[in-house]
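Q: Got a structure for you, questions after.
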Amino acid sequence: MTQGCSRLKVISAVFFFPLRAFLARLGIRYDLSFIINNYYQEKFNSIPAAQKAVILPHCLIGDKCPAHFSKEDGILCSKCKKCGCGEIRALAEEQGWQFYITPSTGFTKRLVQRKTIRAAVGAACNFEIEKGIRSTPINTKGVHLQREKVIPQIILTARYDCLNNDIDWEHLKRIIRGETF
Ligand code: SF4
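Residues -4 to 176 in this note's numbering are what the sequence shown spells out, letter by letter.
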């Protein structure tokens, strides 16, 4: 058990997430990313830096993003400062982590296998999280991406929107620095 967050709480939070609208009508609300992050934080921080990655969705990149796309590594951020991703890339690299911007969930799964990623902080909207829960087993050992098991930390995007989206960038920086929240 980490920080008072039990296995049962994580399993229930994941299991009931697709029913969140119904539960909210009954007055039951919970923050899935907070429960997941709290539960996995200690394990996440114990993974060697080189096997950790920040994996951001393409919806966060700027309108006039000049980055090229690589089939191997996704969107290659050049740290142009037209969106928040460049600063995150610099911070991740400073910590010895890998950094990627991914165009899709399928690409992310292949990336994790190719790059030996054992822990990843990613951003997603509720819709993508629900889709992920339906297609990818997540339990108290981590997220099972095909043959690999990845220890997650999650940041919610501000909206369900594939363009000009936003996240709590300061929260993401705290996760990368290994600060508690
Ligand atoms: S900082 Fe990176 S991701 Fe953002 S617009 Fe510039 S090149 Fe694109």
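The beta-carbon is built from N, C-alpha and C at its ideal position, and this holds for glycine as well.
Assuming contact is defined by CB atoms lying nearer than 9 Å, are V217 and K47 in contact in what I supplied?
A: What is shown of the chain runs -4 to 176, which leaves residue 217 out entirely.
Q: Rounded to whole angstroms, what's the CA-CA distance from C120 to P98? Just pull it up for me.
A: Their Cα atoms are separated by approximately 14 Å.
Q: What is the rounded straight-line gap between the Cα of M(-4) and the Cα of P61?
A: With a pLDDT of 49 at M(-4), under the threshold of 50, the modelled position of that residue is not reliable, and no figure is offered here.
Q: For the structure I just gave you, are there three or more beta carbon pairs, one from the region -1 to 9 and one from the region 29 to 38, closer than 8 Å?
A: Taking 8 Å as the limit for Cβ pairs, the verdict is that the region 29 to 38 does touch the region -1 to 9.
Q: So, does the region 98 to 111 touch the region 61 to 73, judging by three or more C-beta pairs under 8 Å?
A: Contact holds: three or more Cβ-Cβ distances are below 8 Å.
Q: Does the separation of the CB atoms of T152 and P52 fall below 9 Å?
A: Yes, Cβ-Cβ distance for T152 and P52 is below 9 Å.
Q: Rounded to whole angstroms, what's the CA-CA distance from L177 to Y155? Just pull it up for me.
A: In the structure displayed, the chain extends from -4 to 176; residue 177 sits before or after that span and is not available.
Q: Please identify the residue among S130, D161, P147, S65 whose C-alpha is closest to the C-alpha of Q36.
A: Residue P147 is the option with its Cα nearest to Q36.
Q: So R84 packs on K74, CB below 8 Å; how close in whole Å?
A: Between K74 and R84 the Cβ distance is about 6 Å, and since that is below 8 Å, they are a contact.
Q: Using a 10 Å radius around the Cβ and a threshold of 16 neighbouring Cβ atoms, would you call C80 buried or exposed?
A: Burial call: buried.
Q: Relative to the ligand SF4, is the shortest distance from any of its heavy atoms to the C-beta of N77 smaller than 8 Å?
A: Per the sequence shown, residue 77 should be read as Lys rather than Asn. At least one heavy atom of the ligand SF4 is nearer than 8 Å to the Cβ of K77, so yes.
Q: Do you know offhand how far I42's Cα is from A114's?
A: Rounded to whole angstroms, I42 to A114 spans 7 Å at the Cα level.
Q: If we call anything under 9 Å between Cβ atoms a contact, is I50 one with I112?
A: Yes, the Cβ-Cβ distance between I50 and I112 is below 9 Å.
Q: From which residue to which residue does the alpha helix (DSSP H) around A16 run?
A: Here the alpha helix (DSSP H) through A16 covers 15 to 20.
Q: Which residue spans inside the region 41 to 97 form an unbroken alpha helix (DSSP H) run of at least 4?
A: Whole alpha helix (DSSP H) segments, 4+ residues: 80 to 89.
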